[in-house]
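**Student:** First residue of the sequence shown? That's -18 in the working numbering, and the numbers climb one at a time after it.
Cβ coordinates follow ideal geometry from the N, Cα and C atoms, glycine included.
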Amino acid sequence: MELAKQLPSITDGFDRLSAVAVANQFQSLGLLDDVAVRRITSESAAQPTEPALSLFSRLALPCTDGTLIDADRVITWLAETYSLPVLPSHRRVTAAQALASVAAEPFANRYHFIPVAIDKQRITIATIEPFDRSWRSTIAQASQREIVIELISPKALAKLRSQIYGLANSMDKADTRGERIGGQNLERLIDVEGLKGGDERHVAKLVDWILQEAVDHGASDIHLQPNRTHSVLRFRQDGQLQEVQSFPVALHAGFVSRIKHMAGLDVAEHRKPQDGRMRIRGDGGVEYDIRVSLMPAAAGEKAVLRLLDPTALERGMDQLGMVESELVVWRELVNRRHGLVLVTGPTGSGKTSTLYATLQAINHPGLNVCTIEDPIEYVFPAFSQLQVNSSIGLDFASGIRTLLRQDPDVIMVGEIRDAETAKMTIQAALTGHLVLATLHTNDAPGAVARLRDLGVAPYLIEATLNGVLAQRLVRNVCTHCAISIELDDVAWQSAAKPLKASKPAKVQTANGCAKCNQTGYKGRSALFEIFTPQQLGDMRLLQDATNRQLRTAAVKGGMQSLRQSALTKVASGKTTLEEALSSSPEVLG
-18 MELAKQLPSI TDGFDRLSAV AVANQFQSLG LLDDVAVRRI TSESAAQPTE PALSLFSRLA
42 LPCTDGTLID ADRVITWLAE TYSLPVLPSH RRVTAAQALA SVAAEPFANR YHFIPVAIDK
102 QRITIATIEP FDRSWRSTIA QASQREIVIE LISPKALAKL RSQIYGLANS MDKADTRGER
162 IGGQNLERLI DVEGLKGGDE RHVAKLVDWI LQEAVDHGAS DIHLQPNRTH SVLRFRQDGQ
222 LQEVQSFPVA LHAGFVSRIK HMAGLDVAEH RKPQDGRMRI RGDGGVEYDI RVSLMPAAAG
282 EKAVLRLLDP TALERGMDQL GMVESELVVW RELVNRRHGL VLVTGPTGSG KTSTLYATLQ
342 AINHPGLNVC TIEDPIEYVF PAFSQLQVNS SIGLDFASGI RTLLRQDPDV IMVGEIRDAE
402 TAKMTIQAAL TGHLVLATLH TNDAPGAVAR LRDLGVAPYL IEATLNGVLA QRLVRNVCTH
462 CAISIELDDV AWQSAAKPLK ASKPAKVQTA NGCAKCNQTG YKGRSALFEI FTPQQLGDMR
522 LLQDATNRQL RTAAVKGGMQ SLRQSALTKV ASGKTTLEEA LSSSPEVLG
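1) What does a CB cutoff of less than 7 angstroms around Cys462 pick up in its chain, not counting 5 residues either side in sequence?
2) Give me the residue from Lys101, Leu432, Ile466 with the minimum Cα distance to Thr527.
3) Between which residues of its own chain and Gly257 is the CB-CB distance below 7 angstroms, once the five residues before and five after are set aside?
4) Within the continuous alpha helix (DSSP H) that includes Gly380, where are the two ends?
5) Any idea which residues DSSP pairs Tyr269 with across the strands?
6) Jot down the residue ranges of each uninterrupted alpha helix (DSSP H) in the segment 485 to 548, minimum 4 residues, whole runs only, in chain order.
7) Can you tell me whether Lys478 is helix, strand or coil according to DSSP?
8) Identify whether His233 lies in helix, strand or coil by the three-state DSSP scheme.
9) For Ser82 and Pro96, I'd like the C-alpha separation in whole angstroms.
10) Could you tell me the boundaries of the beta strand (DSSP E) in which Asp202 lies?
11) Use the C-beta contact count for Ser563: other C-beta atoms within 10 angstroms, 16 or more gives buried, fewer gives exposed.
12) Taking Leu138 and Ala107 to be in contact with their CB atoms under 8 angstroms, please state how far apart those CB atoms are, rounded to whole angstroms.
13) Looking at C-beta atoms only, is the number of pairs between the segment 214 to 227 and the segment 290 to 305 that lie closer than 8 angstroms three or more?
14) Smallest Cα separation from Ser587: which of Tyr63, Ala60, Arg(-3)?
15) Is it true that the CB of Gly302 sits closer than 9 angstroms to the CB of Ser565?
16) Between the beta-carbon of Ala476 and the beta-carbon of Leu558, is there less than 9 angstroms?
17) Report the option in Leu321, Thr406, Arg260 whose CA atom is closest to the CA atom of Val360.
18) Ignore the nearest five residues each way along the sequence and tell me which others in Pro514's own chain have a CB closer than 7 angstroms to its CB.
19) Quick check: what's the CA-CA separation for Ser25 versus Arg126?
20) Where in the segment 390 to 439 do unbroken runs of the alpha helix (DSSP H), each at least 4 residues long, occur, reported from the N-terminal end onward?
21) With the cut-off set at 9 angstroms, would you say Leu435 and Ala378 are in Cβ contact?
22) Keeping to the same chain, check which residues put their C-beta closer than 6 angstroms to that of Leu68; ignore five residues upstream and five downstream.
23) Pull up the CB-CB distance for Ala534 and Ala547, whole angstroms please, since I reckon it's below 8 angstroms.
24) Looking only at its chain, what residues have a beta carbon closer than 6 angstroms to the beta carbon of Pro111, apart from the 5 residues adjacent to it on each side?
25) Hey, quick one: how far does the beta strand (DSSP E) through Phe37 stretch, first residue to last?
26) Could you check what DSSP says for Gly175 in three-state terms: helix, strand or coil?
27) Using the Cβ count rule (16 or more neighbours within 10 Å means buried), how would you classify Phe88?
28) If the criterion is Cβ atoms closer than 9 angstroms, does the pair Arg20 and Leu49 meet it?
29) Can you tell me whether Gln144 is helix, strand or coil according to DSSP?
30) State the start and end residues of the unbroken alpha helix (DSSP H) segment that holds Ala338.
31) Which residue from Lys241, Asp197, Pro277 puts its Cα closest to that of Val267?
32) Go ahead and label Asp424 buried or exposed: buried means 16 or more other beta carbons lie within 10 angstroms of its beta carbon, across all protein chains shown.
33) Just the C-alpha distance for Gly427 and Ala342, rounded to the nearest angstrom, thanks.
34) Within the same chain, show all residues whose beta-carbon is closer than 6 angstroms to that of Leu12, passing over the 5 residues directly before and after it, in chain order.
35) In chain order, what residues of the same chain lie with their CB nearer than 7 angstroms to the CB of Gln223, ignoring the 5 residues before and after it?
36) What are the start and end residues of each continuous alpha helix (DSSP H) run of 4 or more residues lying completely inside the segment -1 to 86, in chain order?
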């Protein structure tokens, strides 16, 4: 028996949701009074073609329990009462052209639905009329696929409708040339000037959509990479690259041309890599700085855009994610008047964000804070920021020399890359300045061995090094779909060996849902390891001890390792054991 026929109490004669019938159901539950029901009855009579969920969205009636009964409340009740699936609020738009081809926009508008997913077996349709079956046979017969229905709110329906049909329309109108590329000319496979007139407007609209989608989904990087048939769009979210959309390859040159124009780059240059910068304004007036990197590749120019998080300008030291004991030590290290403080970790581990937050925390009108960076990621009015420019001979070492003549109190060095930079950094720390810098090492004690490799004498390390912070980023388990499980003793002991960490009663395991894009993870948090030379006990270890010897001595002296920090997050339910193991180096016994 059809579901709509089983539920005559909430549908009208056309299998559409009846606002009055739904209101009566809420009144029977004691949630709506007579006044509210009469208003719904009156509004429904005045607007007989308005869908019930649209009416509830417009009215948002006060409930007897002090809350509101709006479309979302009705959807939740329908889902729970009648076991109806609900479209997740963060569903990403993919394959817009394929979805738009399922049903013409006027047809979809008339029956209040939108196709949201399609594969070889089924089409998922989101609708505000879940019991209306009048249109389903048309779609099923035309597509030869099973129809799956999900509930959606009127606002979400309008947004998705605009995205899917708008995006598909722009792609159709922009892709007028039907161009196919060959492999004979790797320098210029696509004519950048080929998209003219109206096509440019649609390409601009598509690029704007890409940027807005990246902002909406919290992406840190956008990748646009051409191949022989498509331009593939990928976002990096929580450190992982995920494919978002593919466009006809004929559009790719237009995308790159538009990005070059926005970033102030040479539109006619296709053979050389180019770097630029642009700024966009997102919802709510929030401005995002974007670093642009273009590289000539086999099938055309690849574009990578780095979105710089505007909240980094407001992040304080207490928002870095350190536990209180770590924060106390870190504050003490960076509030000294002179010496060297290092932050280590791989690319993308959050080192620069930590340094910016630290500089903002210690800065005051009596300090002159100077930085040398490559490039300057965020502009801080209170700091004097100098950018490396190798084309004119301005590298890190010469930049430090310049800053030392600027009467600095605090110097931040973006990266110690070579012996000359290491020498100038140590010199600055020796001459009464506090120097914060980054270094690429696997752990905090490893910074000592790395400085020695760069030619810094052990006695200078002992004289200048305040401490080292090693950092990693670990993905947080999605709170919407995580599952608590009991962990096997052997698995915990293997992970914690040789640490003495108590096994938690329950741990979280990743599952996957629409809100986390089926990854099981949402957001990231930092792991920290703080090393100070005093933890070694014997300063002679600075002279020639191996990294393993330094690490063993530091742990004995009280250093908490990255692995310990990771296991703490596992025990607190912040992340999974698998993620902790992959994000932190093994502890050597």
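**Tutor:** The short version:
1) Asn492, Gly493, Cys494, Cys497, Gly501
2) Leu432
3) Ala244, Gly245, Leu246, Val273
4) 377 to 385
5) Ile261
6) 522 to 525, 528 to 537
7) coil
8) helix
9) 9 angstroms
10) 202 to 207
11) exposed
12) 7 angstroms
13) no
14) Given a span of -18 to 570 for the chain in the structure shown, any question on residue 587 remains unanswerable.
15) no
16) yes
17) Arg260
18) Glu443, Leu446, Met520, Leu523
19) 35 angstroms
20) 400 to 411, 427 to 434
21) no
22) Ala107, Glu131, Ile133
23) Not really, about 21 angstroms apart at Cβ, beyond 8 angstroms.
24) Leu65, Ile130, Leu132
25) Where Phe37 is concerned, there is no enclosing beta strand (DSSP E), although the alpha helix (DSSP H) it sits in stretches over 33 to 40.
26) In this prediction, Gly175 scores a pLDDT of 39, lower than 50, which makes its location untrustworthy; no coordinate-derived value is stated.
27) exposed
28) no
29) helix
30) 332 to 343
31) Asp197
32) buried
33) 27 angstroms
34) Cys44, Thr45
35) Arg215, Phe216, Asn498
36) 0 to 9, 15 to 27, 33 to 40, 52 to 63, 77 to 81
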